[in-house]
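Colleague:
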Amino acid sequence: MSAQTKYAAMSRRAAMTAAAMAAMATLAGCNGGGTPTAAEGDMALGAAEGAKVTVIEYASVTCPHCATWQEQTWPAFKAAYVDTNKVRYVFRELPTPPANVAVAGFMIARCAGEDKYFDVIHGIMASQGEWRAGVNPRDTLFRIGNGAGLNNDQIDACITDPANLKASEERSEAAMKAGVNSTPAFFVNGVEVVTPGGEGASMADLSRAIEAELAKG
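Below, the structure written as structure tokens:
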């Protein structure tokens, strides 16, 4: 089976999984999505597990609003709270259309290794304009994977590995069952922080919620 055929097969399965996720979203409740309890597959930065404040972001590498938040808000948020270890920042994956690109991107990020995971995630978000302008998303994903130290054979093996796809599906299902059905979604110690506008929680609103939690005895 050629790499292109394997990628297409993965894409079809990812698309069917995304459809199932959308159906689940209509049945899921709206509470508990941001519980600070550690979940299987969590990727985190900043303070250690058990920190006084845990900020959870549910996002997708194919979500334009997530990319906007990443570009406009992440640098200030990271400098103020992650680099200073004031909070534990947890990123949870919730694929959005095109689901095959999102699922493949998440798997490549994980295959690149924990130390390069966020570099790959942020790189894919920043590259959204490429494939929206007509570049084959597969080419973009492979380029970013190569930059993280993976060769093409390793990337092919990564995105067609049934175990990797199963784990991705389970993480998505967990998010949906928790009642999270949109991205980006932010929770500070389990309480959702929403800023009108659709581009994710603002730095001001996140800071207000975080500082209130830090001030508690």
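Residue numbers (the working numbering): 2 to 218. Beta carbons are placed, not taken as given, at the ideal position from N, Cα and C, and that holds for glycine.
Alpha carbon to alpha carbon, what distance is there between E200 and W70?
Modeller: Within the sequence shown, the letter at position 69 stands for residue 70. Within the sequence shown, the letter at position 199 stands for residue 200. Cα-Cα distance, rounded: 6 Å.
Colleague: Spell out the partners DSSP gives M126 in its beta bridges.
Modeller: Indexing the sequence shown from 1 puts residue 126 at position 125. For M126, which the question treats as bridged, DSSP gives no partner whatsoever.
Colleague: Alpha carbon to alpha carbon, how far is A216 from L95? Give it in angstroms, no decimals.
Modeller: Here the question's residue 95 lines up with position 94 in the sequence shown. Here the question's residue 216 lines up with position 215 in the sequence shown. Rounded to the nearest angstrom, the two C-alpha atoms are 31 Å apart.
Colleague: Taking 7 Å as the cut-off, is the beta-carbon of F187 closer than that to any non-hydrogen atom of the ligand GTP?
Modeller: Only the bare structure without any ligand can be found here, which leaves the ligand GTP out of the picture.
Colleague: I'd like the list of long-range same chain contacts for L46, defined as Cβ closer than 6 Å, with 5 residues on each side in sequence excluded.
Modeller: Translated into positions along the sequence shown, residue 46 becomes position 45. Around L46: V83 and Y90.
Colleague: If you draw a straight line from the C-alpha of P76 to the C-alpha of R139, how long is it?
Modeller: Along the sequence shown, one-based indexing puts residue 76 at 75. Along the sequence shown, one-based indexing puts residue 139 at 138. Near 28 Å, if we compare the C-alpha coordinates of R139 and P76.
Colleague: Do F187 and L207 count as a contact pair if the criterion is CB distance below 8 Å?
Modeller: Stepping through the sequence shown from its first residue, residue 207 is reached at position 206. Stepping through the sequence shown from its first residue, residue 187 is reached at position 186. Cβ atoms of L207 and F187: closer than 8 Å.
Colleague: How would you write the range of the beta strand (DSSP E) that V194 sits in, first residue to last?
Modeller: Residue 194 sits at position 193 when you count from the first residue of the sequence shown. From DSSP, the beta strand (DSSP E) with V194 extends over V192 to V194.
Colleague: Rounded to the nearest angstrom, what separates V62 and E50 at their Cα positions?
Modeller: What you label residue 62 is simply residue 61 of the sequence shown in a count that begins at 1. What you label residue 50 is simply residue 49 of the sequence shown in a count that begins at 1. Here the alpha carbons of E50 and V62 stand approximately 24 Å from one another.
Colleague: Rounded to whole angstroms, what's the CA-CA distance from L151 to D157? Just pull it up for me.
Modeller: In the sequence shown, residue 151 corresponds to position 150, counting from 1. In the sequence shown, residue 157 corresponds to position 156, counting from 1. Their backbone Cα atoms lie some 10 Å apart in a straight line.
Colleague: In whole angstroms, give me the CA-to-CA distance for M204 and A60.
Modeller: Against the sequence shown, residue 204 aligns to sequence position 203. Against the sequence shown, residue 60 aligns to sequence position 59. In a straight line, the C-alpha of M204 is about 16 Å away from that of A60.
Colleague: Among V54, E72, T161 and C159, which one has its Cα closest to the Cα of N86?
Modeller: For the purposes of this step, residue 86 is identified with residue 85 of the sequence shown, where counting begins at 1. When each option's Cα is compared against that of N86, the closest is V54.
Colleague: Quick one: grab the DSSP three-state call for L46.
Modeller: In the sequence shown, the residue the question calls residue 46 occupies position 45. It is a strand residue.
Colleague: If you reduce the DSSP assignment to three classes, tell me which class T141 lands in.
Modeller: Looking up residue 141 in the sequence shown gives position 140. T141: helix per DSSP, three-state reduction.
Colleague: Suppose you measure from the CA of V102 to the CA of G135; what does that come to, to the nearest Å?
Modeller: The residue labelled residue 102 in the question sits at position 101 within the sequence shown. The residue labelled residue 135 in the question sits at position 134 within the sequence shown. Each residue's alpha carbon lies about 14 Å from the other.
Colleague: Is A80 helix, strand or coil when you go by DSSP?
Modeller: Along the sequence shown, read from residue 1 onward, the residue named residue 80 stands at position 79. Of the three classes helix, strand and coil, the one that applies to A80 here is helix, per DSSP.
Colleague: What residues in its chain sit with their C-beta under 7 Å from that of A52, if we drop five residues either side in the sequence?
Modeller: Working through the sequence shown from its first residue, we reach residue 52 at position 51. Hits under 7 Å: V88 and R89.
Colleague: For V88, which of helix, strand or coil comes out of DSSP?
Modeller: One-based indexing of the sequence shown puts residue 88 at position 87. V88 falls in the coil class under three-state DSSP.
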